[in-house]
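First up is the structure itself, then whatever we jot down about it.
Chains as they are written, first to last, in this note's numbering: chain L, 130 to 547; chain B, 130 to 547.
If you want it as structure tokens, here you go:
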């Protein structure tokens with residue numbers, strides 16, 4: 130028997146109902162915030178991702194050569210493709226350009242809980258400038274999307290890469306030289322960060338201050354002992370988010386996101402119930418387009434792990450009930466089959482989800498099927514009832530049967546639903 | 130500048146609004162018909178498609194080896210993956226199992242009008258048996274989906290592979306031996322089909338009869354000179370479709386769909402305005418699961434080319450207008466910025482798509498931006514008006530400005546919309 134590829138998933142009917150429900154809820158939130166959707170190809174030139182993240186990424190992605198000998202790969206993430214699209218075609222749009230997107234991404238990694246080789250990302254980017262309003266808008270969108278899902282247990286941790294960068298710069302470690310250190314700090318690998326800082330000539334005091342800073346977290350007041358532009362900026366972002374009505378936010382200067390293109394505010398969202406793979410969202414202010422050959426433009430964006438968010442909701446017992454079939458139409462014998470077709474078509478046009486016996490089964494087997502697929506009502510189309518323009522409607526939960534005129538059927542089923 | 134891969138597309142904001150609008154419309158029609166959605170991985174073991182369509186397909190698809198040296202490929206179509214999923218996990222579901230799906234597929238072919246290397250397919254399968262009701266249900270779903278889009282100019286052509294197969298069998302060409310002939314007939318390559326039939330020992334009369342049959346098309350009456358099971362079956366399918374209320378159907382015995390797994394009714398839909406690439410839908414009754422190592426199960430299904438359907442709608446001038454931003458909120462000076470945030474958040478929660486000045490622009494530039502993004506109203510948050518709990522609302526089309534209380538703003542904008 131042919132199997133699905135390792136690390137990928139098939140989604141069955143109930144799971145897809147849940148997934149489409151949350152997809153469409155999150156999309157509405159984006160639209161309400163004035164973001165507009167874009168979509169890029171499933172595969173890209175591999176160069177796009179090696180330019181962004183370095184050649185090492187090739188080991189983690191599905192990279193291959195197409196028949197024209199071009200190096201292409203399945204996209205591991207969506208920010209780089211969207212910025213590429215921006216540079217190619219969208220630079221004339223009014224700024225800020227507020228974009229969102231949803232789609233599958235791919236990573237070749239060992240499959241494990243919460244990590245799949247094909248996974249779905251929601252994300253958004255505001256392209257055009259760098260202001261506290263822009264950063265707050267983006268963090269606010271992520272927060273609103275998560276809030277709308279009904280997820281209870283999650284933390285939004287916001288930092289500013291500039292605070293650590295300026296501490297390092299004061300100690301003489303600036304620009305690209307700071308990057309390997311920031312990458313270790315991002316992962317809280319202090320044992321590995323310390324010799325790097327020592328090697329760069331930093332004093333023990335300076336090193337300790339940097340490490341202590343990455344451990345600062347809590348309400349916005351925890352910044353009171355700090356100074357400088359980055360601190361003031363972060364306070365402004367928090368102030369705007371308060372006015373937007375968000376409360377569950379905290380400062381965490383340990384959010385570093387160790388990639389060279391981040392420029393300012395950075396943030397992450399964890400759902401602690403997920404254990405090791407608890408991060409469900411990450412983002413920040415960055416500048417990427419010039420790496421791909423475009424003009425330098427400041428942007429802020431984030432990605433939400435759609436699958437992990439659903440797993441977190443599932444752990445909280447918050448996934449919605451399955452959608453049920455409203456009506457299953459059964460003709461009693463061959464003579465009423467045509468009429469049953471007409472009734473089914475009428476219900477569907479009237480917005481009632483309806484199905485009919487397609488396998489010419491007897492009544493008993495039809496009831497069994499209706500029960501198995503979770504139909505709410507069975508519409509029994511019998512010759513005698515048809516003479517008075519009626520059908521029998523059986524409520525599958527209570528077992529009661531009611532005669533209903535065909536004329537009044539849509540209204541009857543519509544009311545019965547609510 | 131890094132470009133998108135050849136033959137692929139990026140979809141901008143307006144295009145995505147159109148695409149999501151039609152995707153969600155078509156999805157609702159499927160759900161109303163009692164079909165349930167499934168989703169399979171973007172890539173599969175290559176074996177799945179070579180088993181279904183022969184090794185030749187490798188030349189037309191994105192096939193590659195993953196890092197574990199497995200032969201995988203980007204899926205060129207969705208029926209094989211869905212049947213694989215059925216065999217792997219869904220055989221215990223009540224039958225008929227009515228499934229639909231939507232997603233990208235991939236073909237490595239020369240890019241040209243209406244043919245893309247990544248394209249989107251909508252499709253449905255009813256798995257479980259073979260009855261005229263099942264076939265009519267599937268054709269009816271395709272017809273309802275196309276009808277719902279508002280497409281005007283298209284033809285649904287329905288045939289039955291059994292009619293040609295029995296003519297060939299009568300002439301001594303049965304089973305697999307008939308396949309190469311059917312493939313030529315499918316493409317109307319009579320010059321190539323004729324020598325094959327001659328070579329199989331058929332008489333000139335027999336050959337002429339086969340060719341004449343592939344040219345039979347029109348209303349169901351065109352079958353009156355034929356006999357046999359397939360003809361009676363096709364008449365039943367037409368009868369049911371009439372009771373479902375479909376009128377724009379015709380018989381076309383030239384619909385052959387030259388693949389071995391088709392077993393009965395076959396159908397295609399053309400949108401003539403599309404020229405050479407005019408087919409927007411194709412399907413039929415088939416038996417595929419046993420090829421993949423599962424039990425033999427009869428199914429009927431179809432695929433709708435989502436991109437081509439949209440191109441056809443565009444040629445008819447029927448694509449909907451773009452979605453507009455309902456409110457763009459502008460603070461007059463720094464002092465009202467916080468209040469502007471609160472108003473924006475309130476509107477968004479009230480279901481009004483709202484955006485605000487994120488770039489601290491002056492009033493003139495903000496109006497220019499609001500105009501460029503097509504905002505319906507600009508909400509001007511000024512200190513004086515705030516004293517009375519109000520804001521000025523400017524209608525961008527008429528240029529008129531109205532004072533509205535903040536309390537009544539959602540209701541004002543909601544009414545203004547309709």
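Don't be surprised by glycine CBs; every beta carbon is placed ideally from N, CA and C.
Rounded to the nearest angstrom, the Cβ distance from residue 255 (chain B) to residue 429 (chain B) is 5 Å, consistent with a contact under 8 Å. By the 16-neighbour rule on beta-carbons within 10 angstroms, residue 142 (chain L) is buried.
For the set B:189, B:528, B:178, the Cα lying nearest the Cα of residue 210 (chain B) is the one of B:178. For residue 225 (chain L), the closest Cβ of chain B is nearer than 8 Å. Look at the region 487–514 of chain L: the residues with a C-beta under 7 Å from a C-beta of chain B are 487, 488, 489, 498, 501, 502.
Inclusion of residue 534 (chain L) and residue 518 (chain L) in the CB contact set at 8 Å is warranted, their separation being smaller than that value. Taking the Cα of residue 289 (chain L) as reference, the smallest distance to any Cα among L:395, L:539, L:467 is reached at L:395. Check the Cα spacing between residue 224 (chain L) and each of L:488, L:426, L:527: the tightest is with L:426.
Excluding sequence positions up to five before and after residue 447 (chain L), its CB lies within less than 6 Å of the CB of 279, all in the same chain and listed in chain order.
Within the DSSP secondary-structure output, residue 434 (chain L) pairs in a beta bridge with L:250.
Chain-order list of chain B residues neighbouring residue 470 (chain L): 369, 372, 373, by C-beta distance under 7 Å. The contact set of residue 544 (chain L) on chain B, defined by CB atoms closer than 8 Å, is empty, because the minimum CB distance reaches about 18 Å. Contact check for residue 538 (chain B) against residue 476 (chain B) passes: the beta carbons are separated by less than 8 Å. Under the Cβ distance rule, residue 154 (chain B) does not count among the residues neighbouring chain L, no pair being separated by less than 8 Å. Cα atoms of residue 461 (chain L) and residue 339 (chain B): separation of roughly 41 Å, rounded to the nearest angstrom.
By the Cβ rule, the region 410–423 of chain L counts as touching the region 211–222 of chain L, because three or more pairs are nearer than 8 Å. The continuous beta strand (DSSP E) containing residue 233 (chain L) extends over residues 226–235. Boundaries of the beta strand (DSSP E) around residue 286 (chain L): 284–289. Note that the region 325–339 of chain L does not touch the region 265–284 of chain L; fewer than 3 beta-carbon pairs, one per stretch, sit closer than 8 Å. Remark: C-beta atoms of residue 300 (chain B) and residue 331 (chain B) approach each other more closely than 8 Å.
According to DSSP, residue pairing for residue 532 (chain L) in a beta bridge involves L:521. Pairing residue 520 (chain L) with residue 528 (chain L), the inter-Cα distance amounts to about 16 Å. Residues of chain L whose Cβ lies closer than 9 Å to the Cβ of residue 541 (chain B) do not exist; the shortest such Cβ separation is about 17 Å. Residue 404 (chain L) and residue 151 (chain B) have their alpha carbons spaced roughly 39 Å apart. At a cut-off of 8 Å between beta-carbon atoms, residue 160 (chain L) makes contact with chain B. Restricting attention to beta strand (DSSP E) runs no shorter than 3 residues, the region 351–428 of chain L encloses them at 378–381, 391–399, 408–415, ordered along the chain. Interface criterion not met: the Cβ of residue 244 (chain B) is under 8 Å from no Cβ in chain L.
CA-CA distance, residue 291 (chain B) to residue 454 (chain B), rounds to 55 Å. Residues of chain B with a Cβ closer than 8 Å to the Cβ of residue 247 (chain L) are, in chain order, 170, 171, 172.
Classified as buried, residue 181 (chain L) has 16 or more neighbouring CB atoms from the shown chains inside 10 Å of its CB. At least one CB atom of chain L sits nearer than 8 Å to the CB of residue 213 (chain B).
Contact check for residue 136 (chain L) against residue 245 (chain L) passes: the beta carbons are separated by less than 8 Å. Boundaries for residue 331 (chain B): no alpha helix (DSSP H) harbours it, and the DSSP string shows neither H nor E there. For residue 492 (chain L), the enclosing alpha helix (DSSP H) stretches over residues 492–501. Restricting attention to beta strand (DSSP E) runs no shorter than 3 residues, the region 138–195 of chain L encloses them at 172–174, 192–194, ordered along the chain. CA-CA distance, residue 311 (chain L) to residue 487 (chain B), rounds to 29 Å.
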